[in-house]
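Novice:
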Amino acid sequence: AQSVAQPEDQVNVAEGNPLTVKCTYSVSGNPYLFWYVQYPNRGLQFLLKYITGDNLVKGSYGFEAEFNKSQTSFHLKKPSALVSDSALYFCAVSRLTGGGNKLTFGTGTQLKVEL
Amino acid sequence: DAGVIQSPRHEVTEMGQEVTLRCKPISGHNSLFWYRQTMMRGLELLIYFNNNVPIDDSGMPEDRFSAKMPNASFSTLKIQPSEPRDSAVYFCASNLGGGSGANVLTFGAGSRLTVL
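Protein chains in written order, with the working numbering: chain A, 86 to 200; chain B, -8 to 107.
What follows is the structure in structure tokens.
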């Protein structure tokens, strides 16, 4: 079985400050890891993914995430938050082999960026 | 491409009625997924298809739920009879599939279902 944990329901940060949204995963074998963002009344949008290679992955809108195999983590980061980054963020995992196409999402973390 | 298209965007119905949600995936995508989102349970995978064939329906909550994909450009999710606890936002998503978990999902805007 594969699973994702997002330990924080909400993260608050001031505009201009760095932000981190945490994610840990559990999967047998090597993982594919993803971050998606959901704005109000919209579907989820892809931000970035880790497949293999560099542990630091860069994505859309200045976001990046660091894959840490020993800690089974894939935290989302941004050096300087914007009010427009306020949204619901989902971490997701699928398996590198044998898992087919099945993507498992975390429960989501609401990011609130304030002036 | 217009993206993944879902209809209706909003549906309000009474308990016991049949509900049909529709999805048109992105042309060329051969995997299609139905997800349900609620505050209590988050985002749950209900079923997914690869090349129009259901691969995993273990997330379908009950026999009241059924899904079909008669061709590569259309899928339906049906609830019969509907119950208030089915109230949720239902998302359809598609990707290139092919058995790889690396392909990015493209989501539709969702269908918000309210069962009174």
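In this text, a Cβ means the ideal position worked out from N, Cα and C, and glycines have one as well.
Using CA coordinates, which residue listed in 197/A, 200/A, 196/A and 192/A is at the minimum distance from residue 27/B?
Specialist: Looking up residue 27/B in the second sequence gives position 36. Looking at the Cα atoms, 192/A is the closest of the given residues.
Novice: If we count the other Cβ atoms within 10 Å of its Cβ and call it buried at 16 or more, is residue 95/A buried or exposed?
Specialist: Counted from its first residue, the first sequence places residue 95/A at position 10. When all chains shown are included, residue 95/A counts as exposed.
Novice: Which residues, taken in chain order from the region 103 to 117 of chain A, show a beta carbon closer than 9 Å to some beta carbon of chain B?
Specialist: 116 and 117
Novice: Specify, as a first and last residue, the run of the beta strand (DSSP E) that residue 43/B falls within.
Specialist: Within the second sequence, residue 43/B is the residue found at index 52, counting from 1. Following the DSSP letters along the chain, one finds residue 43/B in no beta strand (DSSP E), marked with neither H nor E.
Novice: Show which residues of chain B have a CB atom less than 9 Å away from the CB atom of residue 152/A.
Specialist: For this step, residue 152/A is matched to residue 67 along the first sequence. Near residue 152/A there are no residues of chain B at all, since even the closest Cβ is about 14 Å away, more than 9 Å.
Novice: Counting only beta-carbon atoms, is residue 100/B nearer than 9 Å to chain A?
Specialist: Translated into the one-based positions of the second sequence, residue 100/B becomes position 109. Yes - at least one Cβ of chain A is within 9 Å of the one on residue 100/B.
Novice: What does the alpha-carbon distance come out to for the pair residue 151/A and residue 140/A?
Specialist: Counting from 1 along the first sequence, the entry for residue 151/A is found at position 66. Counting from 1 along the first sequence, the entry for residue 140/A is found at position 55. Taking C-alpha positions only, residue 151/A is separated from residue 140/A by approximately 6 Å.
Novice: In chain A, what lies closer than 9 Å to residue 36/B by C-beta?
Specialist: Stepping through the second sequence from its first residue, residue 36/B is reached at position 45. By Cβ distance, chain A contributes 187, 188, 189 and 190.
Novice: Would you mind sorting residue 51/B into buried or exposed? The rule is 16 or more other CB atoms within 10 Å of its CB.
Specialist: Translated into positions along the second sequence, residue 51/B becomes position 60. Residue 51/B is classed as buried because its beta carbon has at least 16 other beta carbons within 10 Å across all chains shown.
Novice: Verify whether the separation of the beta carbon atoms of residue 14/B and residue 38/B is less than 9 Å.
Specialist: On the second sequence, position 23 is the one that residue 14/B refers to. On the second sequence, position 47 is the one that residue 38/B refers to. Cβ distance not < 9 Å, so residue 14/B and residue 38/B don't count as in contact.
Novice: If we ignore side chains and look at the alpha-carbon of each, how far apart do residue 188/A and residue 178/A end up?
Specialist: Sequence index remark: in the first sequence, residue 188/A carries index 103 (1-based). Sequence index remark: in the first sequence, residue 178/A carries index 93 (1-based). Going from the Cα of residue 188/A to the Cα of residue 178/A covers about 6 Å.
Novice: Can you check the region 91 to 135 of chain A for any beta strand (DSSP E) of at least 3 residues that lies completely inside it and give the ranges in chain order?
Specialist: 95 to 99, 104 to 106, 109 to 111, 116 to 123 and 129 to 135
Novice: Could you name the residues that DSSP lists as bridge partners for residue 22/B?
Specialist: Reading the second sequence from its first residue, position 31 is the one you call residue 22/B. Bridge partners of residue 22/B: 41/B and 86/B.
Novice: Between residue 22/B and residue 68/B, is the Cβ-Cβ spacing less than 9 Å?
Specialist: For the purposes of this step, residue 22/B is taken as the residue at position 31 of the second sequence. For the purposes of this step, residue 68/B is taken as the residue at position 77 of the second sequence. It is not a contact, given that the beta carbons lie outside the stated cut-off.
Novice: In its own chain, which residues sit with a C-beta less than 7 Å from the C-beta of residue -1/B, not counting the 5 before and 5 after it?
Specialist: The count along the second sequence starts at 1 and reaches residue -1/B at position 8. Contacts found: 102.
Novice: If you follow the beta strand (DSSP E) that residue 3/B is part of, which residue opens it and which one closes it?
Specialist: For the purposes of this step, residue 3/B is taken as residue 12 along the second sequence, with counting starting at 1. That run of the beta strand (DSSP E) goes 1 to 4.
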